[in-house]
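For the sequence shown, this note's numbering assigns the number 53 to the initial residue and increments by one for each residue that follows. Ideal Cβ placement from N, Cα and C applies to all residues, glycine included.
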Amino acid sequence: MYNSFPHPLAASVPKGRNPFVGIATFAGYSLWQPEVKADAVIIGVPYDEGTTNKPGARFGPRAVRQASMFYAYDDLQDRYYDSDRRKWMLSGKVVADAGDVDIEPLSFDYNWKIITEAVESVLKAGAIPAVIGGDHSVVHPAVRAFKGQKFHYVHFDSHIDCDRIPGSSFTHGSPVARILEEKSAESVTLIGMRGLMNSGHDFEWIQEEQGATIITARELRTAKTDSPANLFKEGNYYVSLDIDFFDPSAAPGTGTPEPGGLFFPDFSDMIHLIASRGKIIGFDLMEVNPFMDAKSEITALLGARCILELLSAALDK
């Protein structure tokens with residue numbers, strides 16, 4: 053394995069602190085030490101060489117970590133009370149931050165290899181990997197770390213990411229096609245599709261030839277889908293979230309925004325529905341671009357909140 057991951061720096065983070073104090077790890081959690089048992093480990097992947105529109109997502113991990121310090125007030129043992137659901141979440145769970153994969157610009161094979169190895173290292177330690185990108189091409193090497201495991205793949209996005217363009221096989225518009233072609237998952241479900249940038253031919257290919265399920269934003273919003281019991285099969289799940297799943301009014305900080313998106317309660321309900329059907333064994337958040345974000349950094353904050361929701365869905369059963 054690439055010997056600089058995780059980084060050798062290790063520090064104990066104070067129990068509860070002001071968000072403007074100290075090193076910005078994810079939500080103030082401690083840096084990862086592989087010899088210490090963790091339930092989940094954050095991995096940053098500052099990579100955006102797969103973008104086809106506006107770059108900047110390589111700074112997504114840093115922006116999300118900084119925004120996540122908003123959630124660092126409480127003692128690590130008392131996190132968190134979800135007022136909306138009237139329940140505690142992540143109390144007593146050990147979450148750690150492994151820092152970033154050491155990306156080498158323009159070294160595609162090398163970068164894909166160390167991204168996979170970084171996720172593998174977390175899995176070998178018995179923890180759930182939580183990946184922060186980066187553009188959405190990163191999900192392909194991340195999912196490769198689960199080779200040999202049975203799982204269902206769920207893709208929250210406004211785009212189906214199924215480009216099949218010769219010579220452009222590994223952009224942020226193609227990871228779902230690669231996952232399908234490599235038969236990495238038992239099933240593939242895509243949620244939130246909308247807009248005018250999805251190919252109708254790819255829609256047909258992914259559903260009719262590949263057997264994937266697509267739930268559009270309008271179908272989700274108007275509940276014109278199968279009953280919840282039929283949406284997700286029992287089993288393990290890997291969940292991938294592109295921040296452009298959300299409406300641009302809530303998430304302007306992304307390179308490919310699409311009007312007509314969903315909002316946090318829609319995402320939260322679907323995540324907990326998935327968790328009721330099986331175990332979330334890994335997940336990611338992609339495409340936060342701080343250069344496109346509002347001055348209030350609402351996209352980065354939304355991304356941090358989504359990671360906490362995913363952690364809770366994965367660990368609080």
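Closest to residue i by CA distance: which of the options is it?
i, options, result
"residue 237", "198, 224, 212, 157", "198"
"residue 325", "98, 228, 369", "369"
"residue 204", "292, 90, 301", "292"
"residue 318", "270, 282, 351", "270"
"residue 242", "206, 272, 261, 249", "206"
"residue 103", "251, 172, 308", "308"
"residue 336", "304, 112, 284", "112"
"residue 87", "192, 273, 179", "179"
"residue 129", "122, 140, 136", "140"
"residue 96", "153, 252, 161", "153"
Along the chain, where does the beta strand (DSSP E) containing residue i start, and where does it finish?
i, result
"residue 150", "147-152"
"residue 338", "330-338"
"residue 268", "265-268"
If I measure Cβ to Cβ from residue i and keep anything under 8 angstroms in the same chain, skipping five residues before and after, which residues do I get?
i, result
"residue 259", "265, 266"
"residue 350", "302, 303, 304, 305"
"residue 60", "Because residue 60 carries a pLDDT of 48, less than 50, the predicted location of this residue cannot be relied on, and the following value inherits that uncertainty. So no residue of the chain qualifies."
Following the continuous alpha helix (DSSP H) through residue i, name the residue where it begins and the one where it ends.
i, result
"residue 163", "160-176"
"residue 350", "350-367"
"residue 110", "Element bounds for residue 110: n/a, residue is neither H nor E."
"residue 98", "Counting along the chain, residue 98 falls outside any alpha helix (DSSP H), and DSSP gives it neither H nor E."
"residue 252", "252-256"
"residue 228", "227-233"
Any idea which residues DSSP pairs residue i with across the strands?
i, result
"residue 133", "140"
"residue 92", "147, 180"
"residue 207", "242, 292"
"residue 287", "330"
"residue 314", "298"
"residue 83", "149"
"residue 185", "97"
If residue i and residue j are in contact, beta carbons under 8 angstroms, what's the gap, nearest whole angstrom?
i, j, result
"residue 362", "residue 323", "6 angstroms"
Residues in its own chain within less than 7 angstroms of residue i by CB, not counting five upstream and five downstream?
i, result
"residue 69", "80, 124"
"residue 202", "238, 287, 288"
"residue 105", "307, 308"
Please return the same chain residues whose Cβ sits closer than 6 angstroms to the Cβ of residue i, not counting the five positions on each side in sequence.
i, result
"residue 299", "313"
"residue 215", "225, 226"
"residue 247", "210, 310"
"residue 343", "108"
"residue 356", "116, 119, 120"
"residue 329", "284, 286"
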